[in-house]
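At position 128 of the sequence shown the residue is numbered 128 (full-length UniProt numbering), and the sequence of numbers has no breaks. Yeah, the Cβ is synthetic: ideal placement off N, Cα and C, and Gly gets one too. Note that this is a predicted model, so its numbers are computed, not measured.
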Amino acid sequence: MSKNIVCIGELLIDFICSDIDTSLVHGQNFIKKAGGAPANVSAAISKLGGSALFAGKVGNDSFGVFLEKTLQESCVDTSMLILDEKVNTTLAFVSLNSNGERDFVFNRGADELLEYDELDEDKIRSAKIIHFGSATALLGGKLKDTYLKVMEFSKKENIFISFDPNYRTDLWKNRLNEFIDISRKCIKYADFIKVSDEEIKIISKEDDLREGVKVFHELGAKIVAVTLGKDGTLISNGKEMKIIESIKIKSIDSTGAGDAFVGAALYKISNLENPKNLVYDFDKLKEIISFSNKVGAVVCTKLGAISSLPTLEEVERY
Numbered sequence: 001m002s003k004n005i006v007c008i009g010e011l012l013i014d015f016i017c018s019d020i021d022t023s024l025v026h027g028q029n030f031i032k033k034a035g036g037a038p039a040n041v042s043a044a045i046s047k048l049g050g051s052a053l054f055a056g057k058v059g060n061d062s063f064g065v066f067l068e069k070t071l072q073e074s075c076v077d078t079s080m081l082i083l084d085e086k087v088n089t090t091l092a093f094v095s096l097n098s099n100g101e102r103d104f105v106f107n108r109g110a111d112e113l114l115e116y117d118e119l120d121e122d123k124i125r126s127a128k129i130i131h132f133g134s135a136t137a138l139l140g141g142k143l144k145d146t147y148l149k150v151m152e153f154s155k156k157e158n159i160f161i162s163f164d165p166n167y168r169t170d171l172w173k174n175r176l177n178e179f180i181d182i183s184r185k186c187i188k189y190a191d192f193i194k195v196s197d198e199e200i201k202i203i204s205k206e207d208d209l210r211e212g213v214k215v216f217h218e219l220g221a222k223i224v225a226v227t228l229g230k231d232g233t234l235i236s237n238g239k240e241m242k243i244i245e246s247i248k249i250k251s252i253d254s255t256g257a258g259d260a261f262v263g264a265a266l267y268k269i270s271n272l273e274n275p276k277n278l279v280y281d282f283d284k285l286k287e288i289i290s291f292s293n294k295v296g297a298v299v300c301t302k303l304g305a306i307s308s309l310p311t312l313e314e315v316e317r318y
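See the structure below:
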């Protein structure tokens, strides 16, 4: 088995309102789901047969225990998941109004309190890949400082670094410039960065995707993957650029597809003898992204995020 892929960031509960066309004011029924992009990525890696460790913090409450069990059931190593005795687990509540607008309430708790000294430096040092998925990690608090310290440490240790900015409009209202600035700081560390077409336009300030990719390389990113939904993924190693097509599927629910894509890519990259050499092998990169597109597509054929993640056998059947 490959060495651990460490995924660091937030783990939280998403309460999704199951009532149709309503606000949180009027919503009555909610479905509890495990949330947090890096946690989804770790589960995707493990489901495919890889070795993933999640590092983060939840409250030592019913929700925190549920999240811990959810990861363990996906065979994710939770030895760096801390259950805080003093602070509750982070909660997010979401409903969809009839006009398509989301009603969103975010109660931030334990996830933002993860401190660098609480992490096992030896486990980080021994990792083959460190993945940073930042939906809430960069908002502030101790987790933001920890994030940047782990990035700096990983760079010094010559560990392959993966970064997904995970922009969420609801979280960054009136703070867009702050999101751009901190994302650019993180990009300089990245051996592999995955962004959506919306995110690359926001961070690069370029409407043309290919120009945006060039900006990312100038900032320091080695490999850039821009996910384009059903249109595939635009990839670049700084010398070559190409759109890798996805497979045609009937999409039911795209929740978690981006995280599954990242998990699949990191699973494949972790099996390389030296992941950092991938930047020089564009044919191998195309092969890895084609596989990752397939995993992301398979997830769209099922409901849920972690529950819809495929095994390697399921992917190969496609």
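8 angstroms Cβ cutoff met for residue i and residue j
| i | j | result |
| --- | --- | --- |
| Thr90 | Leu176 | no |
| Ile5 | Ala127 | yes |
| Ala44 | Phe54 | no |
| Ile288 | Thr70 | no |
| Lys57 | Leu114 | yes |
| Ala190 | Phe163 | yes |
| Val76 | Ser95 | no |
| Ala92 | Asp14 | yes |
| Asp120 | Asn88 | no |
| Lys214 | Val279 | no |
| Pro165 | Ser154 | no |
| Tyr116 | Lys144 | no |
| Gly140 | Lys188 | no |
| residue 321 | Gly258 | Because residue 321 is not part of the residues shown, which for the chain are 1 to 318, the question remains open. |
Assigned exposure category for residue i - 16 Cβ within 10 Å defines buried
| i | result |
| --- | --- |
| Met1 | Note that Met1 scores 36 on pLDDT, short of 50, meaning its location in the model is unreliable and no value can be drawn from it. |
| Asp84 | buried |
| Leu309 | buried |
| His131 | buried |
| Glu218 | exposed |
| Gly311 | Rather than Gly, the amino acid found at residue 311 in this sequence is Thr. Looking at its Cβ environment, which holds fewer than 16 other Cβ atoms inside 10 Å, Thr311 is exposed. |
| Lys86 | exposed |
| Glu157 | exposed |
| Tyr318 | exposed |
| Ile20 | exposed |
| Ile31 | exposed |
| Lys248 | exposed |
| Glu10 | buried |
| Thr169 | exposed |
| Ser236 | buried |
| Ser204 | buried |
Given residue i as reference, the closest of the options once Cα atoms are compared
| i | options | result |
| --- | --- | --- |
| Glu198 | Lys185, Phe216, Leu228 and Leu171 | Leu228 |
| Arg108 | Leu171, Leu81 and Pro310 | Leu171 |
| Ala260 | Ser246, Val105 and Asn293 | Asn293 |
| Thr233 | Leu272, Ala297 and Lys185 | Ala297 |
| Ile243 | Ala257, Ser251 and Val224 | Val224 |
| Gly133 | Glu152, Leu81, Thr311 and Val41 | Val41 |
| Met241 | Glu68, Val65 and Lys286 | Lys286 |
| Val295 | Tyr267, Asn277 and Lys276 | Tyr267 |
| Ser290 | Glu245, Glu112, Ser270 and Ser183 | Glu245 |
| Gly59 | Ser154, Leu81 and Gly50 | Leu81 |
| Val25 | Asn174, Val65 and Asn97 | Asn97 |
| Val315 | Ser18, Leu48 and Ser23 | Leu48 |
| Ser270 | Ala257, Tyr280, Gly50 and Glu118 | Gly50 |
| Phe106 | Ala135, Ile124 and Arg125 | Ala135 |
| Ile161 | Phe179, Leu139 and Ile124 | Ile124 |
| Val299 | Glu206, Lys230 and Arg168 | Lys230 |
| Glu118 | Lys142, Leu67 and Ala34 | Lys142 |
| Leu272 | Gln28, Gly36, Ile8 and Ile129 | Ile129 |
| residue 358 | Thr301, Val262 and Lys276 | Residue 358 cannot be examined here, being either before or after the span of the chain that is shown, 1 to 318. |
| Thr22 | Val65, Asp103, Glu68 and Ser79 | Asp103 |
| Phe63 | Ile202, Val262 and Ala34 | Ala34 |
| Glu152 | Asn174, Cys186 and Lys173 | Cys186 |
Beta-ladder partner(s) of residue i, from DSSP
| i | result |
| --- | --- |
| Met151 | DSSP lists no partner for Met151. |
| His131 | Cys7 and Ser162 |
| Arg102 | Leu96 |
| Thr233 | Thr227 and Ile244 |
| Leu81 | Gly56 |
| Leu119 | In DSSP, Leu119 forms no bridge with anything. |
| Cys17 | Phe30 |
| Asn107 | Leu91 |
| residue 357 | Past the edges of the chain, shown from 1 to 318, lies residue 357, and the structure says nothing about it. |
Opening and closing residue of the beta strand (DSSP E) in which residue i lies
| i | result |
| --- | --- |
| Ser95 | Leu91 to Leu96 |
| Gly56 | Ala52 to Gly59 |
| Ser196 | Phe192 to Ser196 |
| Gly35 | Phe30 to Gly35 |
Enclosing alpha helix (DSSP H) for residue i [first to last residue]
| i | result |
| --- | --- |
| Ser251 | Element bounds for Ser251: n/a, residue is neither H nor E. |
| Ala257 | Ala257 to Ser270 |
| His217 | Leu209 to Leu219 |
| Gly296 | Phe282 to Val299 |
| Cys186 | Leu176 to Ile187 |
| Val65 | Ser62 to Glu73 |
| Leu312 | Leu312 to Arg317 |
Distance cut-off 7 angstroms: residue i Cβ against heavy atoms of the ligand SAH
| i | result |
| --- | --- |
| Leu113 | No copy of the ligand SAH appears in this structure; indeed no ligand is present at all. |
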